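In our numbering, the protein residues as written are 43 to 293.
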């Protein structure tokens, strides 16, 4: 026991010495320092370039309107005031417009993501009848459009005029997002679905319980970039299809 305790004490001492030993700093030569300096400088400049439009928009809202019209606002506000914000919050329909914008962004993005993902899942199945032809027809819609008038008549016949759903239903499927999700789903191991199919799982079960949870990375990416693309066409949709008070913040 004494020998064991002595050996255990020595081992614990070595472990404590190893744990508490400070890390040695890696010495960098002038080439490494030059690389890190250029790297940090480039990223900081890039971050400032991305941040400046938002900063300029803010200082323009609190500067005197005549200086803004003359283009004299560059890096700092002139004649600071908050009357613009007061006038905005005095608008009667600002609350309703904010709710419409929020609902269209959240609901529209979620529905587009779900339907695009399921359509992508369908096109990964080789036993789908006419899969190649249907896929090519779907891809063709990215390059060819019927135009404004046929689209207007179609939405009118569907009864979506003066309705909130005109923001949602026409964009339920994004072909570009569908292609991205389809490529990711095809990279998943087919054995996962095969084992579930042996247990009696159908297409819906396999999609919602296996494919969709595993596709979280591509879904997050598509949602991040697709939200802006989905919400950037507020003005044209509102001015063409709506004559009621279902307006968004940009209107």
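We treat Cβ as the ideally placed atom computed from N, Cα and C, and that holds for glycine. Values in this document were obtained by computation on a predicted structure and should not be read as measured data.
Counted as a single uninterrupted DSSP element, the alpha helix (DSSP H) harbouring residue 138 occupies residues 136 to 165. Judged by their CB atoms, residue 114 and residue 120 are nearer to each other than the 8 angstroms cut-off. Judged by DSSP secondary structure, residue 195 falls within the alpha helix (DSSP H) whose first and last residues are 190 to 199.
Residue burial annotation: residue 148 is exposed, with fewer than 16 other C-beta atoms found within 10 angstroms of its C-beta. The criterion of a C-beta distance shorter than 8 angstroms is not satisfied by residue 253 and residue 219.
Membership of residue 230 in any alpha helix (DSSP H) is not indicated, and neither H nor E is assigned to it by DSSP.
Per DSSP, reduced to three states, the secondary structure at residue 78 is helical. In this structure, residue 194 lies away from residue 146, with their beta-carbon atoms at least 8 angstroms apart. In this structure residue 154 does not touch residue 101 by the C-beta definition: roughly 35 angstroms separates them, more than the 8 angstroms allowed. Around the beta-carbon of residue 185, fewer than 16 other beta-carbon atoms lie within 10 Å, marking it exposed.
In the structure shown, the three-state DSSP call for residue 248 is helix.
Non-local beta-carbon contacts of residue 202 in its own chain, meaning distances under 8 angstroms to residues more than five positions away in sequence, involve 208, 211, 212 and 283 in chain order.
Per the C-alpha coordinates, the member of 257, 238, 251 and 158 positioned closest to residue 228 is 257. Using a 10 angstroms sphere on the CB of residue 133, the tally of other CB atoms stays under 16, which defines it as exposed. The C-alpha of residue 70 is placed about 10 angstroms away from the C-alpha of residue 76. 8 angstroms or more divides the Cβ of residue 221 from the Cβ of residue 260. If you look at residue 243, you'll find it isn't in any alpha helix (DSSP H); DSSP assigns it neither H nor E.
Residue 163 sits buried, since 16 or more C-beta atoms from the chains shown fall within 10 Å of its C-beta. Taking the Cα positions, residue 250 is about 12 angstroms away from residue 238. Comparing C-alpha distances from residue 205 to each of 180, 192 and 285 shows the shortest one belongs to 285. Apart from sequence neighbours up to five positions away, no residue of its chain approaches residue 244 with a beta-carbon distance below 8 angstroms.
For residue 175, the enclosing alpha helix (DSSP H) has its first and last residue at 173 to 182. Bounds of any alpha helix (DSSP H) do not take in residue 204, whose DSSP letter is neither H nor E. Under the three-state reduction of DSSP, residue 117 is assigned to coil, being neither helix nor strand. A direct Cα-Cα distance of roughly 17 angstroms separates residue 242 from residue 167.
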